[in-house]
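In what follows, a single structure is set out as structure tokens and then discussed.
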Amino acid sequence: MDLFSQADDAARAAELRDQLNRYAHAYYVLDAPLVPDAEYDRLFRELQSLERAQPELRTPDSPTQRVGGPVLKELTPVRHAVPMLSIETETDTTPAGAEAFDGRVRRKLGLEAHEAAIEYAAELKFDGLAINLRYEHGVLVQAATRGDGEVGEDVTHNIRTVGSIPLRLQGRPPALLEVRGEVYMRRDDFERLNARQRELGEKTFVNPRNTAAGAVRQLDPYVAAQRPLSFFAYGVGAIEGWQDAPLTHAALIDTLASFGLPVCEHRCVASGAAGLVAFHARIAALRNSLPFDIDGIVYKVNSLALQRELGFRNREPHWAVAHKYPAQEELTELLDIEVQVGRTGAITPVARLKPVFVGGVTVTNATLHNEDELRRKDLKIGDWVIVRRAGDVIPEVVMSVAERRSGAEREFIMPTNCPVCGSHVVREEGEAIARCTGGLACRAQRAQAIMHFAGRRMMDIDGLGERYIESLVELGYIERIADLYALTLDHLLEMKRRADERDGVTPETVQQGKVATKWAENLIEAIAASKRPPLARLLFALGIRHVGESTAKTLAEWLGSLENVRRAPRAVFACLPDIGGVVADSLHEFFAEPNNERVLDELVRAGVTPDDEHPPSARLAQQLTMIELLTRLDIRRLTPVRAQQLAAQVSSLSALAALTPIELAALDLPADVLTALAEWLAIPGKPDELRALEAYCSRLLAAAPQQEASVAPMAGKTFVLTGTLPTLSREQATALIEAQGGKVSGSVSKKTSYVVAGAEAGSKLAKAQELGVSILDQNGLLTLLGVPAP
DNA sequence: CCACCTCGAGTTCC
DNA sequence: CTCGAGGTGG
Numbered sequence: 001m002d003l004f005s006q007a008d009d010a011a012r013a014a015e016l017r018d019q020l021n022r023y024a025h026a027y028y029v030l031d032a033p034l035v036p037d038a039e040y041d042r043l044f045r046e047l048q049s050l051e052r053a054q055p056e057l058r059t060p061d062s063p064t065q066r067v068g069g070p071v072l073k074e075l076t077p078v079r080h081a082v083p084m085l086s087i088e089t090e091t092d093t094t095p096a097g098a099e100a101f102d103g104r105v106r107r108k109l110g111l112e113a114h115e116a117a118i119e120y121a122a123e124l125k126f127d128g129l130a131i132n133l134r135y136e137h138g139v140l141v142q143a144a145t146r147g148d149g150e151v152g153e154d155v156t157h158n159i160r161t162v163g164s165i166p167l168r169l170q171g172r173p174p175a176l177l178e179v180r181g182e183v184y185m186r187r188d189d190f191e192r193l194n195a196r197q198r199e200l201g202e203k204t205f206v207n208p209r210n211t212a213a214g215a216v217r218q219l220d221p222y223v224a225a226q227r228p229l230s231f232f233a234y235g236v237g238a239i240e241g242w243q244d245a246p247l248t249h250a251a252l253i254d255t256l257a258s259f260g261l262p263v264c265e266h267r268c269v270a271s272g273a274a275g276l277v278a279f280h281a282r283i284a285a286l287r288n289s290l291p292f293d294i295d296g297i298v299y300k301v302n303s304l305a306l307q308r309e310l311g312f313r314n315r316e317p318h319w320a321v322a323h324k325y326p327a328q329e330e331l332t333e334l335l336d337i338e339v340q341v342g343r344t345g346a347i348t349p350v351a352r353l354k355p356v357f358v359g360g361v362t363v364t365n366a367t368l369h370n371e372d373e374l375r376r377k378d379l380k381i382g383d384w385v386i387v388r389r390a391g392d393v394i395p396e397v398v399m400s401v402a403e404r405r406s407g408a409e410r411e412f413i414m415p416t417n418c419p420v421c422g423s424h425v426v427r428e429e430g431e432a433i434a435r436c437t438g439g440l441a442c443r444a445q446r447a448q449a450i451m452h453f454a455g456r457r458m459m460d461i462d463g464l465g466e467r468y469i470e471s472l473v474e475l476g477y478i479e480r481i482a483d484l485y486a487l488t489l490d491h492l493l494e495m496k497r498r499a500d501e502r503d504g505v506t507p508e509t510v511q512q513g514k515v516a517t518k519w520a521e522n523l524i525e526a527i528a529a530s531k532r533p534p535l536a537r538l539l540f541a542l543g544i545r546h547v548g549e550s551t552a553k554t555l556a557e558w559l560g561s562l563e564n565v566r567r568a569p570r571a572v573f574a575c576l577p578d579i580g581g582v583v584a585d586s587l588h589e590f591f592a593e594p595n596n597e598r599v600l601d602e603l604v605r606a607g608v609t610p611d612d613e614h615p616p617s618a619r620l621a622q623q624l625t626m627i628e629l630l631t632r633l634d635i636r637r638l639t640p641v642r643a644q645q646l647a648a649q650v651s652s653l654s655a656l657a658a659l660t661p662i663e664l665a666a667l668d669l670p671a672d673v674l675t676a677l678a679e680w681l682a683i684p685g686k687p688d689e690l691r692a693l694e695a696y697c698s699r700l701l702a703a704a705p706q707q708e709a710s711v712a713p714m715a716g717k718t719f720v721l722t723g724t725l726p727t728l729s730r731e732q733a734t735a736l737i738e739a740q741g742g743k744v745s746g747s748v749s750k751k752t753s754y755v756v757a758g759a760e761a762g763s764k765l766a767k768a769q770e771l772g773v774s775i776l777d778q779n780g781l782l783t784l785l786g787v788p789a790p
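Here the first sequence is numbered in full-length UniProt numbering, starting from 1 and rising by one per residue.
Below is the structure:
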């Protein structure tokens, strides 16, 4: 073989290894890919083929060596050069735990109370598996589990498959460096893995920790490679030849990061017990929004010299402690499963639990979402179940503990009839939700519809709570939302008396009578005050299926008045942004339904009129073109391109309606389109529909102003609000942003321009950091908008 | 047609 | 907050 080409190949292989390792670091550790996946794959394959041709080019730090290798019979024991210590656990989960640790350290160092506070490094205690990584001359040569601390197991083959663990370190690492850290599985990776397992009909995993531990100890590296693992470094073991080694723990971690090792960003240098308590509290608030599980915080004396001075007791260092959090999951009994009927008729199973204290509150109910969810979690009435508070707020039944079954547990059966009105319950093909078909004939749906109408973000009728609405509906004072406006003081007082009677409430005292009168007076006033809502709120309040706050706002902005919305043909709805076929159908059906028409008429007669009606948007002219309208008529085969051709040949929609079959056949369009068009026009009523559509559109466009006002400064920018701002309410912040043309949305994505974070911001802030979205606080927002601070 | 983004809907507790 | 589903762009 030609010596030159061999030398070239060796150089090329080295170059490829280096490149691929750098790209992997950027991808897995920095979360900022340098090249597209396809480019990575191309280089990877090139290296593979070089190595296949000349196996001597294969080195242990080659990225091709991550996956592969033989299936082992058993794991080889490894004696640790420096024992892997355990850490003492502080059982007191209150701030006193941190103070106790600080006190022990100070006593051991012989410090008096008045002497300076000790500096600590605080970091997260990950819920994973401790691993020792041995790097010789910067190359990963061995990975081992902790085992008993003295002897662990060799799991190099599996650890190589973890993308964020560098096979070769960057910078100038010492000749020998053992890195210690935790292998864990991110919660989202765990969920994805389980989703895939379900798809494949495989058994699902119980929790991220056990899954990670199982993956690391796999004998077949291919299996381990299928388990998405992550890694954080938090310490070192044996070291040789390290000049200018760091002097503090914090600096040590920074240095490890500079070698390309992943380290957790959530760590700090804290001063004294107070600093530790603050960090503990800060992370407690963040805990559920972290993308991985932790079971506490680790405190370490920051100075490595002081660490040496403090020394060890048995296997435990005197200079470190794990300060845990109270368990966030609890075991309780599933007493019963009941169903609730929602505003749209959705039948939702709800778990009635034996009260249990989880994450700071007592939980007695938890939604089970739907039947599938319930089956997936394998829940039977009478089961012992694990309960947690998802995102620290909403109680969630995680799963049942099948081992604790006695045999007396009952299967939950989805009712076939609505528990309130007896109507049939149907679950549409492909839908997860079962629904009562009773519509507004169902008392539950009626009550929910009224509750929705009166809600804070809709008509904002104060004092009309769930209990009163139920009584009003039950005792026949209200049938439909319009009836609210016919209520009198006498009605309300009478209703209250009857409701109390029915509930067996003690005969009222004079005092109670006064309270009741006051309540009724306030309510009448609140109802009267709700008569001039913004149009968007009124539309939202109507409770039209698929029409929420955002869609209601779109309708109000574009069409301007209640009348314009009520009269709009289906195709017009479908031309508006974010409104497609399903939503347009829902809108059209709602306004065509005689009952709803009557309710709207009654509301108007009662004096309910939007206070912000305005001419339709000037931008409508671009939206309601003949082509756009044509494509939304659901004419088979009429693609946008064909619609364009058709529009070029027919002057208007009414002209299209008036075409004779002969004229139609003469159009320059493919035969199949013409056939479909002819069939469509032959449907009774369609020509009239076309004429009506045209008439509506021309009226609307005539009413719209000719051109739009100047472009708002924040146009095209999307904001997401999270947490509590110091002085602005959510609504106020939204109003400020929208006043300048910005949009406020609920979830963070790559397209989000800014995340405005306040106190106790949750997962959205974490997501924003992950995606590199700009983050503002209240002042930042006000500065951006050029609004003076309030 | 799929992947990604949004939005809608339902729910808990204090 | 989370899940499911509608809308849209590639």
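Ideal Cβ positions, reconstructed from N, Cα and C, are used throughout, including at glycine.
Keep in mind the model is a prediction, meaning the values are calculated, not measured.
Notebook entry, point to check: Are the region 45-62 and the region 285-293 touching, with three or more C-beta to C-beta distances below 8 Å?
Noted result: no
Checklist line | 7 Å CB neighbourhood of ASN302 in its chain, flanking five on each side removed | finding: Taking the first residue of the first sequence as position 1, residue 302 is located at position 302. For ASN302, where only same-chain residues beyond five positions count, the Cβ hits under 7 Å are GLU119, TYR120, ALA121, THR248, HIS249, ALA250 and VAL269.
Margin query: By the DSSP assignment, the beta strand (DSSP E) with VAL301 in it spans what residues?
Written below: Locating residue 301 in the first sequence gives position 301, counting from the first residue. Here the beta strand (DSSP E) through VAL301 covers 294-301.
Note to self: Checking 8 Å against the spacing of the C-beta atoms, do LEU75 and VAL155 come in under that value?
What the structure shows: Residue numbering aside, residue 75 sits at position 75 when the first sequence is read from its first letter. Residue numbering aside, residue 155 sits at position 155 when the first sequence is read from its first letter. For LEU75 and VAL155, yes; Cβs fall inside 8 Å.
Note to self: Quick check on ASP634: does DSSP put it in helix, strand or coil?
What the structure shows: Start at 1 with the first residue of the first sequence, and residue 634 comes out as number 634. In the structure shown, ASP634 sits in coil (DSSP, three-state: anything other than H, G, I, E or B).
Check: Where does PRO355 land, buried or exposed, given buried means 16+ other C-beta within 10 angstroms?
Finding: As a working mapping, residue 355 is identified with position 355 in the first sequence. Flag for PRO355 reads exposed.
Margin query: Which residues does DSSP list as the beta-bridge partners of LEU334?
Written below: As a position in the first sequence, residue 334 is number 334, starting the count at 1. Paired residues: LEU353.
Next item on the list: Kindly confirm or deny that the region 399-412 and the region 368-387 touch, where touching means at least three C-beta pairs closer than 8 Å.
Entry: yes
Item checked: CB-CB length for LEU785 against GLN740, believed under 8 Å -> Along the first sequence, one-based indexing puts residue 785 at 785. Along the first sequence, one-based indexing puts residue 740 at 740. The Cβ separation is near 6 Å, so the contact holds.
Next item on the list: Tell me whether PHE312 sits in a helix, a strand or coil according to DSSP, three-state version.
Entry: Here residue 312 corresponds to residue number 312 of the first sequence, with the count starting at 1. Reduced to three states, the DSSP call for PHE312 is strand.
Check: From GLN622 to LEU667, what does the alpha carbon distance come to, in whole angstroms?
Finding: Locating residue 622 in the first sequence gives position 622, counting from the first residue. Locating residue 667 in the first sequence gives position 667, counting from the first residue. Looking at the two C-alpha atoms, the distance is approximately 26 Å.
Check: Do you know how far the Cα of ALA571 is from the Cα of ASP392?
Finding: For the purposes of this step, residue 392 is taken as the residue at position 392 of the first sequence. For the purposes of this step, residue 571 is taken as the residue at position 571 of the first sequence. At ASP392 the pLDDT is 48, less than 50, meaning the model places this residue with poor confidence; the figure from the coordinates comes in the next sentence. One C-alpha to the other measures close to 44 Å.
Next item on the list: Counting only the same chain and skipping the five closest in sequence on each side, list residues whose C-beta sits under 8 Å from that of GLU549.
Entry: If you number the first sequence from 1, residue 549 lands on position 549. So the qualifying residues of the chain are ARG457, ALA536 and PHE540.
Item checked: Whether VAL87 touches LEU133 by CB criterion (8 Å) -> Along the first sequence, read from residue 1 onward, the residue named residue 87 stands at position 87. Along the first sequence, read from residue 1 onward, the residue named residue 133 stands at position 133. Residue identity differs from the one stated: residue 87 is Ile in this sequence, not Val. Not closer than 8 Å, so no.
Margin query: Tell me the DSSP secondary structure of HIS323 in three-state form.
Written below: Translated into the one-based positions of the first sequence, residue 323 becomes position 323. HIS323 falls in the strand class under three-state DSSP.
Check: How close, in whole Å, do the beta carbons of PRO615 and ALA704 come, if the pair is a contact with beta carbons under 8 Å?
Finding: For the purposes of this step, residue 615 is taken as residue 615 along the first sequence, with counting starting at 1. For the purposes of this step, residue 704 is taken as residue 704 along the first sequence, with counting starting at 1. Between ALA704 and PRO615 the Cβ distance is about 6 Å, and since that is below 8 Å, they are a contact.
Next item on the list: Any chance you could list the alpha helix (DSSP H) runs of at least 4 consecutive residues sitting entirely within the region 95-149, in chain order?
Entry: 95-109
Check: Do you know offhand how far ALA273's Cα is from GLN769's?
Finding: As a first step, residue 273 must be located in the first sequence, where it is residue number 273. As a first step, residue 769 must be located in the first sequence, where it is residue number 769. ALA273 and GLN769: Cα-Cα distance of roughly 29 Å.
Next item on the list: Measure the CB-CB distance between LEU353 and LEU368 and report whether it falls below 8 Å.
Entry: As a working mapping, residue 353 is identified with position 353 in the first sequence. As a working mapping, residue 368 is identified with position 368 in the first sequence. Not in contact: LEU353 and LEU368 (Cβ atoms no closer than 8 Å).
Next item on the list: Report buried or exposed for PRO533, applying the criterion of at least 16 other Cβ atoms within 10 angstroms of its Cβ.
Entry: By 1-based counting over the first sequence, the position of residue 533 is 533. Buried: at least 16 other Cβ atoms inside 10 Å.
Next item on the list: Using DSSP bridges, identify the partner residues of ASP154.
Entry: What you label residue 154 is simply residue 154 of the first sequence in a count that begins at 1. DSSP, once it has assigned bridges, lists ALA144 as partnering ASP154.
Notebook entry, point to check: Taking the alpha carbon of ARG107 as the point to measure from, which residue in GLN197, GLY152, GLY465 and HIS318 has its own alpha carbon closest?
Noted result: On the first sequence, residue 107 is found 107 positions in, with the first residue counted as 1. Nearest of GLN197, GLY152, GLY465 and HIS318 to ARG107, Cα basis: HIS318.
Item checked: Nearest residue (CA-CA) to ILE627, options SER617, SER652, ALA606 and GLU39 -> Taking the first residue of the first sequence as position 1, residue 627 is located at position 627. It is SER652.
Next item on the list: Alpha carbon to alpha carbon, how far is GLY581 from ARG636? Give it in angstroms, no decimals.
Entry: Counted from its first residue, the first sequence places residue 636 at position 636. Counted from its first residue, the first sequence places residue 581 at position 581. The straight-line gap from Cα to Cα measures roughly 14 Å.
Next item on the list: Take the Cβ of ASN370 as the centre, count every other Cβ of all protein chains shown within 10 Å, and call the residue buried at 16 or more, exposed below.
Entry: Position 370 of the first sequence, counting from 1, holds the residue named residue 370. It counts as buried.
Notebook entry, point to check: Going by C-alpha distance, which of ASN158, LEU124 and GLU115 is nearest ILE131?
Noted result: For the purposes of this step, residue 131 is taken as the residue at position 131 of the first sequence. Comparing Cα positions, the closest option is ASN158.
Margin query: Give me, in chain order, the residues of the same chain whose beta-carbon lies closer than 7 Å to that of LEU669; leave out the 5 immediate sequence neighbours on both sides.
Written below: For the purposes of this step, residue 669 is taken as residue 669 along the first sequence, with counting starting at 1. ARG642, GLN645 and LEU646.
Notebook entry, point to check: Which residues bound the alpha helix (DSSP H) around THR551?
Noted result: The residue given as residue 551 occupies position 551 in the first sequence. Start and end: 549-559.
Notebook entry, point to check: For HIS280, which option in PRO95, VAL673, LEU664 and ALA520 has the closest C-alpha, if you only look at C-alpha atoms?
Noted result: Here residue 280 is taken as the residue at index 280 of the first sequence, counted from 1. Of the listed residues, the one whose Cα sits closest to HIS280 is PRO95.
Notebook entry, point to check: DSSP on LYS743, reduced to helix/strand/coil?
Noted result: Position 743 of the first sequence, counting from 1, holds the residue named residue 743. Looking at LYS743 - three-state DSSP - the assignment turns out to be strand.
Checklist line | Pairwise C-alpha distance: PRO221 and THR211 | finding: Along the first sequence, one-based indexing puts residue 211 at 211. Along the first sequence, one-based indexing puts residue 221 at 221. Rounded to the nearest angstrom, the two C-alpha atoms are 15 Å apart.
Next item on the list: Spell out the partners DSSP gives ALA459 in its beta bridges.
Entry: In the first sequence, residue 459 corresponds to position 459, counting from 1. The sequence given here places Met at residue 459; Ala does not occur at that position. Note: MET459 sits in no beta bridge, so no partner.
Margin query: Considering only DSSP beta bridges, list what SER774 is partnered with.
Written below: Here residue 774 refers to the residue found at position 774 when the first sequence is read from its first residue. Answer is TYR754, bridged to SER774.
Notebook entry, point to check: For TYR177, which of helix, strand or coil comes out of DSSP?
Noted result: Along the first sequence, read from residue 1 onward, the residue named residue 177 stands at position 177. First, the residue type needs correcting, since residue 177 is Leu and not Tyr in the sequence shown. Here LEU177 sits in strand by DSSP.
Check: Hey, out of PHE205, GLU240, GLN19 and LYS767, whose CA is closest to ARG172's CA?
Finding: In the first sequence, the residue the question calls residue 172 occupies position 172. The residue with the shortest Cα to Cα distance from ARG172 is GLU240.
Check: Just how far apart, CA to CA, sit LEU219 and PRO83?
Finding: Here the question's residue 219 lines up with position 219 in the first sequence. Here the question's residue 83 lines up with position 83 in the first sequence. Their backbone Cα atoms lie some 24 Å apart in a straight line.
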